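Here's the structure we're looking at; comments come further down.
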Amino acid sequence: MDAFILQILNGLDKGSAYALIALGLTLIFGTLGVVNFAHGALFMIGAFCAVFLQRILSLSFLTVDETRTDFLGNPMKVETPYVVDWFGPELGNAIIDWSVPLAILFAIPVMVFVGFVMERGLIKHFYKRPHADQILVTFGLAIVLQEIIKYFYGANPIPTPAPRALAGAFDIGTVIGFDANTIIYPYWRMIYFAFSLIIIGGVFGFLRYTTFGMVVRAGMADRETVGMLGIDIDRRFTLMFGIAAAVAGLAGVMYTPINPPNYHMGMDFLVLSFVVVVVGGMGSLPGAVLAGFLLGILESFASTSWATSALPGINQIIIYLVAIIVLLTRPRGLMGRKGVMEE
Amino acid sequence: MGILEVKGVGKRFGGLQALGNVNLSVAENTVHAIIGPNGAGKSTLLNCLVGKLIPDTGSVTFQGESVLGRKPHEINQMGISRVFQTPEIFGDLTVFENVMIPCFAKRDGAFRMHAYESVKDEVEIREKARLILDDVNMLEKRDMIAASLSRGDKRRLEMAMCLVQEPKLLLLDEPTAGMARADTNNTIDLLKHIKATRDITMAIIEHDMHVVFSLAERITVLAQGTPLVEDTPENIKGHPKVKEAYLGETQA
Amino acid sequence: MSKNILTRRGLMRTGAAAGAGLAMPTIFTGQVWSAAHSGYTNAPQGSTVTLGFNVPQTGPYADEGADELLAQQLAVEHLNGEGDGGCLNTFSSKALKGNGILGKKVQYVTGDTQTKSDAARASAKSMIEKDGAIMINGGSSSGVAVAVQGLCQEAGVIFMAGLTHANDTTGKDRKANGFRHFFNAYMSGAALAPVLAKEMGSDRRAYHLTADYNWGWTQEESIVASTEALGWETVNTVKTPLASTDFSSYITPVLNSGADVLVLNHYGGNMVNSLSNAIQFDLLSKQVNGKDFKIVVPLYSELMAAGAGENIKGVLGSMNYNWQLDNEGSKQFVKSFGEKYGKPPSNSAQTCYAQVLLYADACERAGTFNPCGVAEALEGFEFDGLGNGKTLYRAEDHQCFKDVLVVRGAENPTSAYDTLEIVEITPVDQVMYAPDHPMFGGAEAKLGECNPGA
Amino acid sequence: MLGLSSKDTALLIIVALLALLAPVLLNPFPEASAMAQFNAGYPDLMQRFVIYGIFAIGFNILFGLTGYLSFGHAAFLGVGSYAAVWMFKLLSYNVVPAILLSVVVAGLFSVLIGYISLRRSGIYFSILTLAFAQMSFALAYSVLSNPKFNLTNGETGLQVYTDDPQIFHRAGLPDLPHFFGLSMRSTYTVDMGGWSFDFNAGYYLCAIILLVAFYMSIRIFNSPFGIMLRAIKSNQQRLNYTGLNSRPYTLAAFVISGMYAGLAGGLLAAMDPLAGAERMQWTASGEVVLMTILGGAGTLIGPILGAGFIKYFENIFSKINDNVLHQWFSFMPDGAEDFLVAIVHPFVGKGWHLTLGILFMLVVIFLPGGLVEGGQRIGRFVFRRNNRKGGGLEPDAKAKQPAE
């Protein structure tokens, strides 16, 4: 039972990341009709917003400490971050410690801006082009973006830990009546799950309860008609791209304490997020979220020992197997609309 | 007994009764028009005839054989060809290639690689394609890419693609929709020419009364998913029920 | 970026022999004219000799590849008598004079393995066929090492492996033209076991997470064998897909498995993530069976340590080399490398550096570049002064035998470079094994015949 | 000639000449010159050009003609390679049975995957093929290489060991893939002045197979079957209402392109007897998509150009290190030299991915029809300059005349 609950938690947690990425992907596809292979790169850029902020906050000046020597036997140069110098060690180190949560504030404008530039500068010119061209140009963009990051930050993962206060794990078991130490779960993963629910809720609420959202939803359903109503749908769609980029970016920022970010993390998620979107149904936001959590949970259960002993290798292929079964039994994914992306 | 018999066909979409108990008989070698106000169920009926939709109730038989449950390509092989509201042609191919494809399809529609077919066969097919293009006055445009044709020419091409299969029944879905008066008249002339030069049955769904009364030998009026009247054009013209149906539409 | 004034000006490819329409058949291409006259592939002509450095430059191991490349460039510099001479000063063999190899100036070409066996073979072939490379050095995974080693055997050039830790490289896939300086999974197990027993006792219950591919399996096999020999119990061994990024669903079953040690048979990004995930679940602060929970990472590298950050604190593992090693060769190498590049060398950099010097030295001692002569000079060669202490290149399987380091993540590092501290230097005798050991292909594993190519 | 129109015959002859003279054409710079870095005329790369050309030609039969975008074609390439290496292991190093089996196995495999995947169209089809390929990769990389049932030898790649049966292997035959005794690696090298040209047996085997593959692709393009495939891409609805079931046609195209992929995989193994699982990864499938679109999907020659383009970058640009850069710019004053090296440095060597990404974007943005369109534009530009008075050109597409 405890193992079961733990795997559900794992699944929800994995699913949060899948759902957030798939949500942004579907927003872009649903509103703009563009297949964005650079979406994983947006996730990665979000993560590197956190790295960047951490580096900025840790910017240091050097002082020579004669009492110690470095690896070559020379006097050691000690780095002191400016923030520590300015605000004193206590507050200064606390600021550096909280760089990942702070990066959320930093990442929102950055990601919206990146989204704007991408849409106005590149994607805009591809609305009328075939999906294959969209895939190719955004794939090219994804490579360029990740190589730029690699050029500046290297290929190695960069540790960006959660604030100390939020590190460690919480003993859920004791709360719900299990023995101590049977069901423990890291604070940050629970935060990630809650955070994703807030973002998902925010996006749905935004689309549901604002006039802007209503126009966008109408545009997703029938772009030409809305255009005929004299509404400047294009500008709204640009903003939508910015929002989608921000969702992907925030997913990336929050992911950094779970796994240290590296330049190819976007590509690692790309294929998976497309599978999620398609299983959910191209163009369906609830479908994307549902499929994200569903696949997350299935993946978690497939990696348990009893699953792999029953079917060796099932943990390697479960996502793809599910995708195949879903697509063969439900032609347009779980919640897809008819006629989307079938030509 | 007509070549096409529709008996008690009904179709629901969720809560909407699109068709309810439609009976229709199209006699061989006639031009039969189906008219009705918007939302009368004309297109739904047509889609039931070609296998795109399967009706909930009733039967559709063509030359005594049921078409229900067959796929579009199988129904076509029975001898039913369809012309769409917006011409459906192979836009990336040349006019000539567009016509060759239905020639290859022949009547049985079986899969063939057609890569190294005998020369004799191919000569035959090309000759057939040439003749039909000549028939619809498209021969000089044979090497144009189909997508670059004018709307009227696309319609001609689509007709040619249907006719080359020598169908027994030609279904036309608003063949003059969105056309200028001159193009409409050309299309009427073309259809008359087609009718005059071969044994063919036509079923036309049409909005434009000018087209209907120029061509049709019998007319069925559909309203709210059920046939209102079926009669000759002369009798339909002054029929009170028809007026009511159309006036009702304009008042709404 | 650093550069070297002398080599960059001088680096001009040797002209091919002039003469019109001279055609001659060979098995493997390259500088065929000389092959026909000297009896081996890519015999150097003129006054230079070309080495091929095949390292990952793209993909997740690009930084490791970059480090290897720096070390190889440094080695070329030292061979050509530039810089401070590095380990030429401390090397026990005095055959190298700093005038190139056999009087020929050393130049090099580079290729990108992409850490894929296909791509690695393509770039190695390109260096052999197009650039006339006489040997191939480097790499950072066992799949690549075995694939390129096979190619070099067919082509008739020497392969000096870089970072490759699987038993197979000098086990069932050993080749007469291939040589490995790096240690292997068996040695990791043999070196770690006594330290584990000392630190954790001999009645531990271990849970293994293993990367689901060849290297992971041999690593797991070796550790399981050596820890069970101590009296440890293996609770479970779970294979994780290589493509995994989130290991939470593999970590949670550990919580209630009754295990009190977690062994992560992962490398690179897998290890960084699985270790980070394990720490998130607070495993290290748990008490199981009345003992403190421990985590072991059998194969460490500096870059992985950097990627995992503070999570490595207190975690034990093994290494081939660490710059903190206190011997003459090591000190000299760290000084040369550090002064040139501003950071201490990683253990894969040290291996690649040592391999270049060992190759050059073997050529000098053999008096030829002929791979068969070089191989003979390397076989059974005993040396010191390259950083690892006394080392033997065993003739039977072309594996180096030397002391193995057991290291631990430091609790209070003073800089980015001493995050790992040496716990123990396991003497070479403890990690020795017979060439026909069952983990190394048993009696069937054969080097085969040396192949000079032409 | 050979049942082709004069235009296609000319194209075939051009491709044949390019393929046969490649060892010379690809080595335009003398050995000793600094530009020799850009020479591509060494056997391994020439073989890759040709083999990936075959792969892309086959992919184009599916994608270029029917418009079905498969993201899993690398699986067939990988399966072909495994089949070929198994033939080496079991029978002998003779490449003929290996290549034949690789085509057959890839064909069977593509019947299976195609039959299931083609039940869907559009992106759903793409994701289905992707899912199958990723599954194949995962299985080949680890599950099918376990010691009990080692079909693929995992990350190391499947290779021939001395203790393999090789029942038809005889003394005197090369210990490497050979064509009835002619080793694939045997090479005639011709030195002429400063130049050196390698004429490699394996390359010529590949080149001849490429020509056959290319000829068959032209035949398919022009055949009624090819028209039918283009009709599927153009308007599947009309095709259905024309009495044709499109599924057998798409399946046939899928299987043909799968067999081309298997042939390419078999040839890869025949040139270098090792089959790595990475060949089946989604990035490898993506690569052939890029090759085809980059060169010009739906054109005859485009895929070959695209394949050459990408492989050239992978193998030539990745080898340009700082040392080479300094050598190029050594004629400049020191400051300017360092500046130029610093500018170029991010784009070559380990930065070759960046250059490739930028080029993809540029080609897709400015040349929607791929490299072929680029060539046409240049041609049109030159043509127009010569015929200022002669009025506008007819659109190129019109030039596609049915062969009569």
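In order, the protein sequence lines correspond to chains Y, X, U and V.
In terms of UniProt numbering, the first sequence is residues 1 to 343.
In terms of UniProt numbering, the second sequence is residues 1 to 252.
In terms of UniProt numbering, the third sequence is residues 1 to 454.
In terms of UniProt numbering, the fourth sequence is residues 1 to 404.
Glycine included, every Cβ here is placed at the ideal spot set by N, Cα and C.
Remember, it's a predicted structure, so these values are computed and weren't measured experimentally.
Limits of the unbroken beta strand (DSSP E) element including residue i
i: His32/X; result: 31 to 35
i: Phe293/U; result: No beta strand (DSSP E) contains Phe293/U, which DSSP labels as neither H nor E.
i: Arg82/X; result: 80 to 83
i: Phe199/V; result: 195 to 200
i: Ile136/U; result: 135 to 138
i: Tyr108/U; result: 105 to 112
i: Val404/U; result: 404 to 409
i: Glu220/U; result: Unbroken run through Glu220/U is the alpha helix (DSSP H), 214 to 230; no beta strand (DSSP E).
Range of the contiguous alpha helix (DSSP H) that encloses residue i
i: residue 516/U; result: With chain U covering 1 to 454 only, the question about residue 516/U has no answer from this structure.
i: Asn359/U; result: Per the sequence shown, residue 359/U should be read as Tyr rather than Asn. Unbroken alpha helix (DSSP H) run through Tyr359/U: 347 to 366.
Interface flag, residue i vs chain Y, CB-CB below 8 Å
i: Tyr250/U; result: yes
i: Ala397/V; result: At Ala397/V, the pLDDT of 37 sits below 50, so the modelled position is not reliable and the matter cannot be decided from this model.
i: Val374/U; result: no
i: Lys335/U; result: yes
Sub-8 Å separation of residue i and residue j beta-carbons
i: Gly157/V; j: Ala190/U; result: no
i: Thr201/X; j: Val26/X; result: yes
i: Asn10/Y; j: Ser276/U; result: no
i: Leu163/U; j: Thr351/U; result: yes
i: Phe149/V; j: Met280/V; result: no
i: Thr240/U; j: Glu220/U; result: no
i: Ser81/V; j: Gly265/V; result: yes
i: residue 253/X; j: Pro72/X; result: A question about residue 253/X goes unanswered here, because the residues of chain X that appear run from 1 up to 252.
i: Ile54/V; j: Leu267/V; result: yes
i: Phe242/U; j: Tyr213/U; result: The displayed chain sequence assigns Leu, not Phe, to residue 242/U. Yes, these two residues count as a Cβ contact at 8 Å.
Chain V contact for residue i (CB, 8 Å cutoff)
i: Asp42/U; result: Before going on, a small fix: residue 42/U reads as Asn here, not Asp. So, not an interface residue.
i: Arg70/X; result: no
i: Met24/U; result: A caution first: Met24/U carries a pLDDT of 40, below 50, which makes its placement in the model unreliable, though a value can still be read off. Chain V, which has a Cβ nearer than 8 Å to the Cβ of Met24/U, makes this yes.
i: residue 372/Y; result: Given a span of 1 to 343 for chain Y in the structure shown, any question on residue 372/Y remains unanswerable.
i: Gln7/Y; result: no
i: Val242/X; result: no
i: Phe397/U; result: Sequence inspection shows Asp at residue 397/U; the Phe mentioned does not correspond to that position. No, Asp397/U lies away from the interface with chain V (no Cβ there is under 8 Å from its Cβ).
i: Val221/X; result: no
i: Phe62/X; result: no
i: Gly21/U; result: Unreliable positioning characterises Gly21/U in this predicted model, as indicated by a pLDDT of 33, which lies under 50. The coordinate reading is nonetheless provided below. Cβ-Cβ to chain V under 8 Å: yes for Gly21/U.
Any chain X beta carbon closer than 8 Å to residue i
i: residue 408/V; result: With chain V covering 1 to 404 only, the question about residue 408/V has no answer from this structure.
Min CB distance residue i to chain U below 8 Å
i: Phe113/Y; result: no
i: His73/V; result: no
Legend entry - Residues, ordered as in the chain, of the stretch 289 to 311 of chain U that lie near chain V by beta-carbon distance below 8 Å: Residues of the stretch 289 to 311 of chain U that bring their beta carbon within less than 8 Å of a beta carbon in chain V are absent altogether.
Exercise. Name the residues in the stretch 184 to 206 of chain Y whose C-beta lies less than 8 Å from a C-beta of chain U; which are they?
Worked result: So the close ones are Ile184, Tyr185, Pro186, Trp188, Arg189.
### Query
Using a Cβ cut-off of 9 Å, which residues of the stretch 46 to 58 of chain V contact any Cβ in chain U, in chain order?
Hits within the stretch, in order: Arg48.
Between the stretch 220 to 234 of chain V and the stretch 48 to 68 of chain V, do three or more beta carbon pairs fall short of 8 Å? Taking 8 Å as the limit for Cβ pairs, the verdict is that the stretch 48 to 68 of chain V does touch the stretch 220 to 234 of chain V.
* **Sufficient close CB pairs (3 or more, under 8 Å) joining the stretch 86 to 99 of chain V to the stretch 306 to 320 of chain V** => No, the stretch 86 to 99 of chain V does not touch the stretch 306 to 320 of chain V.
Item to complete: Could you run through the stretch 2 to 27 of chain X and flag, in chain order, every residue whose CB is less than 7 Å away from some CB of chain V?
Response: Correct list: empty, as no residue qualifies.
For this session: Pull out every residue of the stretch 157 to 168 of chain V whose Cβ sits closer than 7 Å to any Cβ of chain U, in chain order.
Result: The stretch 157 to 168 of chain V vs chain U, Cβ under 7 Å: Gly157, Gln159, Thr162, Asp163.
(request) May I ask you to list, following chain order, the residues of the stretch 232 to 243 of chain U that have a beta carbon less than 8 Å from some beta carbon of chain V? (result) Going along the stretch 232 to 243 of chain U in chain order, one finds Lys239, Pro241, Leu242, Ala243 with a Cβ nearer than 8 Å to chain V.
| Residues of the stretch 132 to 149 of chain U whose Cβ lies closer than 8 Å to any Cβ of chain V, in chain order | Taking 8 Å as the Cβ-Cβ cut-off against chain V, the residues of the stretch 132 to 149 of chain U that qualify are Ser141, Ser142, Gly143, Val146, Ala147.
Determine which residues of the stretch 274 to 288 of chain U have a Cβ less than 7 Å from any Cβ of chain Y, and write them out in chain order. Within the stretch 274 to 288 of chain U, contact with chain Y at the beta-carbon level (separation under 7 Å) is assigned to Ser276, Gln280, Phe281, Asp282, Lys286.
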